[in-house]
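Residue numbers (our numbering): 639 to 686.
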């Protein structure tokens with residue numbers, strides 16, 4: 639199985655979003671938006 643640049647980029651994006659989600663000072667709206675982005679990315683990566 640090949641591991642592509644796109645897959646790597648998606649993993650790094652997911653990691654960054656998860657880290658951002660636990661930062662202090664985010665509004666509820668920001669947390670909701672980030673959570674939704676994580677959900678969509680996980681779906682695209684067949685992780686959901």
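Beta carbons are placed, not taken as given, at the ideal position from N, Cα and C, and that holds for glycine.
Quantities reported herein were computed from a predicted structural model and do not represent experimental measurements.
Residue i and residue j closer than 9 Å at C-beta
i: residue 652; j: residue 679; result: yes
i: residue 676; j: residue 664; result: no
i: residue 683; j: residue 645; result: yes
Enclosing alpha helix (DSSP H) for residue i [first to last residue]
i: residue 685; result: Unbroken run through residue 685: none, as it is neither H nor E.
i: residue 646; result: 643 to 659
Residue i to residue j span [Cα, whole Å]
i: residue 639; j: residue 661; result: 35 Å
i: residue 643; j: residue 649; result: 10 Å
i: residue 668; j: residue 647; result: 22 Å
i: residue 674; j: residue 655; result: 10 Å
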